[in-house]
Amino acid sequence: MYGTERAGGNNGIRQPDAPVSDAWLRRVADEAGRGAGGVPPELLGGFLRVLADAAATGRLPSDAELDAVRRNGGRAAELGVGAGNAVQLYLSAAWRLWREIPPTAHFRDAGTTANAAEAVMRAVDLAVAGLADGYTAARRDLVRHEETLRRELIEDLLRGDGDAGGLVARAEPFGMDLGRPHQVALAAPDGRPARVDAVPASLERTVVRGVGDRDVLVATKDGRIVVIAPAGIGAGSLGDLLHRELTRTGRPTGWRVAVGRAHPGSYGIARSYEEAREALTTAGRLQLPAQVLRAEDMLVYRVLLRDQPAITDLVQTVAVPLAGARGGAAPLLDTLEAYFATGCVVAGTARQLHLSVRAVSYRLERIAELTGHDPADPAQRFTLHAAVLGARLLGWPGRDLPPGDAG
Numbered sequence: 209m210y211g212t213e214r215a216g217g218n219n220g221i222r223q224p225d226a227p228v229s230d231a232w233l234r235r236v237a238d239e240a241g242r243g244a245g246g247v248p249p250e251l252l253g254g255f256l257r258v259l260a261d262a263a264a265t266g267r268l269p270s271d272a273e274l275d276a277v278r279r280n281g282g283r284a285a286e287l288g289v290g291a292g293n294a295v296q297l298y299l300s301a302a303w304r305l306w307r308e309i310p311p312t313a314h315f316r317d318a319g320t321t322a323n324a325a326e327a328v329m330r331a332v333d334l335a336v337a338g339l340a341d342g343y344t345a346a347r348r349d350l351v352r353h354e355e356t357l358r359r360e361l362i363e364d365l366l367r368g369d370g371d372a373g374g375l376v377a378r379a380e381p382f383g384m385d386l387g388r389p390h391q392v393a394l395a396a397p398d399g400r401p402a403r404v405d406a407v408p409a410s411l412e413r414t415v416v417r418g419v420g421d422r423d424v425l426v427a428t429k430d431g432r433i434v435v436i437a438p439a440g441i442g443a444g445s446l447g448d449l450l451h452r453e454l455t456r457t458g459r460p461t462g463w464r465v466a467v468g469r470a471h472p473g474s475y476g477i478a479r480s481y482e483e484a485r486e487a488l489t490t491a492g493r494l495q496l497p498a499q500v501l502r503a504e505d506m507l508v509y510r511v512l513l514r515d516q517p518a519i520t521d522l523v524q525t526v527a528v529p530l531a532g533a534r535g536g537a538a539p540l541l542d543t544l545e546a547y548f549a550t551g552c553v554v555a556g557t558a559r560q561l562h563l564s565v566r567a568v569s570y571r572l573e574r575i576a577e578l579t580g581h582d583p584a585d586p587a588q589r590f591t592l593h594a595a596v597l598g599a600r601l602l603g604w605p606g607r608d609l610p611p612g613d614a615g
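All the letters of the sequence shown, read from the start, carry residue numbers 209 to 615 under the numbering used here.
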C-alpha cells in the first residue's frame with residue numbers, strides 16, 4: 209500500500225449539486241485514449257470518477273480504488289500497451305477533466321480552487337504510481353513466462369524429437385520461420401570452465417546486427433552458448449562473429465566456436481546442433497589449434513570415427529610401433545602432426561617444435577624405420593596421417609586402444 213493520506217474534510221469545496229454525467233466522463237476518456245496513441249480508454253476504469261470526486265470534495269482515492277488502478281496497469285502490460293502510453297492515458301485524462309470541470313463543483317474563491325487542484329494532483333500522483341506498479345509486476349511475470357517458453361522451445365528444437373507442427377507454431381511468436389534453413393553455432397570455453405549465463409543477451413544483439421535478421425535465438429546449454437541463426441551467413445562468418453564478440457566483451461580467452469551446416473525444417477536445427485557439438489568434441493580430442501570450426505571441415509574425422517574397429521587396427525599396425533622409440537611414441541606423433549601441419553616442410557616443422565632441422569630429420573627417419581612408412585613418400589604419407597589422426601581420436605598413447613576387429 210502507499211500509505212495514502214485521506215482528506216479529513218472537503219477543503220472548503222462544496223459537495224456537488226448534481227451527479228457527474230457518465231456521458232461526459234466517457235467523452236473525456238475517449239479523447240484521452242486517442243490522445244495517448246489509441247490506448248483503450250477502458251484502462252481508465254473508474255479513475256475519472258475518482259478525479260471528479262477529488263475536484264468536488266477533496267476526497268483522495270481509497271485503497272480499493274488504487275488496487276483497481278494497479279489491476280488496469282497489469283491489463284495494459286498484457287495488452288502490449290507501452291508503459292509511456294499507459295501513463296499518458298491517465299495524465300491526458302486528468303488535464304482534460306480538469307479543463308472541463310462542469311458546474312457541479314463550485315469554488316467560492318482562489319483558495320478553494322487551489323485546494324481542489326491539489327486534491328486532483330495528489331489523486332493523479334497516487335493513481336500513476338499504482339498504474340506503474342501494476343504494469344511493472346505484470347511485465348515481470350510476462351517476461352518470466354516468455355523466457356520459460358523460449359527455453360523450452362530451444363530445448364525441443366535442439367533435441368529434434370518434438371511435434372514438427374507444434375514447434376512451428378511455438379516458434380512464430382519469437383519471429384522464427386522454421387520453413388527456412390537454420391544453422392547452429394556452439395561456443396565453449398577452451399580448457400577451463402566459465403560462467404556463460406549472462407552472455408546471451410549481448411550475443412543476440414551482435415548476431416542480429418551481423419545477420420541482419422531477427423530470426424535468431426541464443427541460450428545456454430551444458431555450459432556452452434547456443435546460437436540458432438538463419439542460413440545465409442557463412443558458417444565461418446557466424447563463428448568469427450561469435451568468437452570476436454566473446455573476446456571483445458572481456459570474457460575468458462580461449463573460446464572455441466563450432467558451427468553446424470545449415471539444414472531446413474525444425475529437425476534440421478537438431479541436426480546442425482549435433483554437427484556443431486561433434487565438431488567441438490572431435491577438436492578437443494585431436495587438440496586442434498583452430499578457434500573457429502566448421503562442421504563441413506570436420507567430415508573427414510567423422511569418417512575415421514565411423515568405423516572404429518578399422519581405425520583401431522590402423523593405429524595398432526602403423527602407430528603403435530612408435531612406442532619402441534626412446535622416449536616413447538608421443539614425441540614422434542607430435543613431430544608427424546607438425547610435419548603435416550606445415551605442408552611436410554622440415555624447416556617449418558623444426559621451427560614449430562623448437563628443434564633443429566637435423567633433429568627433425570632424424571625423427572622422420574626413425575618413424576620410417578619403426579612403421580615401415582616413409583613420411584616423405586607421398587604414397588605412404590596418407591596412411592601415416594590417418595594413423596596419427598586415429599591415435600588422437602582414440603586417445604592413444606594416453607590410454608589403451610579399444611579392441612580391434614577380431615575378424
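Backbone N, C-alpha and C fix where the C-beta goes; we use that ideal spot for every residue, glycine too.
Q) Got a sec? Which residues, its chain only, sit under 6 Å from residue 378 by beta carbon, not counting five neighbours each side? A) Counting from 1 along the sequence shown, the entry for residue 378 is found at position 170. These residues qualify, in order along the chain: 361.
Q: Check residue 527 in the structure and name its three-state DSSP category.
A: Locating residue 527 in the sequence shown gives position 319, counting from the first residue. Here residue 527 sits in helix by DSSP.
(Q) Can you give me the C-alpha to C-alpha distance between residue 344 and residue 488, rounded to a whole angstrom? (A) Here residue 344 refers to the residue found at position 136 when the sequence shown is read from its first residue. Here residue 488 refers to the residue found at position 280 when the sequence shown is read from its first residue. When rounded, the distance between both Cα atoms is 42 Å.
Q: At 3 residues or longer, and completely inside the region 336-417: list those beta strand (DSSP E) runs for me, N to C.
A: 390-397
Q. Per DSSP, residue 471 forms a beta bridge with which residues?
A. Walking along the sequence shown from the start, residue 471 turns up at place 263. DSSP output for residue 471 lists 390 as bridge partner(s).
Q | Nearest candidate by alpha-carbon position, reference residue 483, set 468, 598 and 493 | A | Start at 1 with the first residue of the sequence shown, and residue 483 comes out as number 275. It is 468 whose Cα lies nearest to the Cα of residue 483.
Q. So what's residue 215 in DSSP terms, helix, strand or just coil?
A. On the sequence shown, position 7 is the one that residue 215 refers to. Per-residue confidence for residue 215 stands at a pLDDT of 42, beneath the threshold of 50, marking its modelled position as unreliable; the derived number appears in the next sentence. The answer is coil: DSSP assigns residue 215 none of H, G, I, E or B.
Q) Between the C-alpha atoms of residue 279 and residue 306, what's the straight-line distance to the nearest angstrom? A) Translated into positions along the sequence shown, residue 279 becomes position 71. Translated into positions along the sequence shown, residue 306 becomes position 98. Between residue 279 and residue 306, the C-alpha separation is close to 24 Å.
**Q.** For residue 563, the three-state DSSP class (helix, strand or coil)
**A.** The sequence position of residue 563 within the sequence shown is 355, counting from 1. Reduced to three states, the DSSP call for residue 563 is coil.
Q | Alpha carbon of residue 596 to alpha carbon of residue 388, nearest angstrom | A | Here residue 596 is taken as the residue at index 388 of the sequence shown, counted from 1. Here residue 388 is taken as the residue at index 180 of the sequence shown, counted from 1. Distance between the alpha carbons of residue 596 and residue 388: 40 Å.
Q | Cβ shell of residue 593 (< 6 Å), same chain only, five flanking positions each side left out | A | Reading the sequence shown from its first residue, position 385 is the one you call residue 593. Correct list, in chain order: 548.
(Q) Quick check: the Cα distance between residue 412 and residue 385, rounded to an integer number of angstroms? (A) As a first step, residue 412 is located in the sequence shown; it is residue number 204 there, counting from the start. As a first step, residue 385 is located in the sequence shown; it is residue number 177 there, counting from the start. Each residue's alpha carbon lies about 17 Å from the other.
(Q) I'd like to check one pair, residue 527 with residue 619: are the Cβ atoms closer than 7 Å? (A) The question about residue 619 has no answer here: the residues shown for the chain are numbered 209 through 615.
Q: Throw me the rounded Cβ distance for the residue 392 and residue 477 pair, which I believe falls under 8 Å.
A: Along the sequence shown, one-based indexing puts residue 392 at 184. Along the sequence shown, one-based indexing puts residue 477 at 269. At roughly 6 Å, the Cβ-Cβ gap stays under 8 Å, so residue 392 and residue 477 are in contact.
Q) Quick one: what does DSSP say residue 611 is sitting in, helix, strand or coil? A) Sequence index remark: in the sequence shown, residue 611 carries index 403 (1-based). Three-state result, residue 611: coil.
Q) How big is the Cα-Cα spacing for residue 335 and residue 357? A) Working through the sequence shown from its first residue, we reach residue 335 at position 127. Working through the sequence shown from its first residue, we reach residue 357 at position 149. Each residue's alpha carbon lies about 33 Å from the other.
Q: Along the alpha helix (DSSP H) that carries residue 591, what are the first and last residues, could you check?
A: Your numbering for residue 591 matches position 383 in the sequence shown. Residues 586-602.
Q: Assign residue 322 to buried or exposed, taking buried as 16 or more other Cβ atoms, counted over all protein chains shown, within 10 Å of its Cβ.
A: Locating residue 322 in the sequence shown gives position 114, counting from the first residue. Result: exposed.
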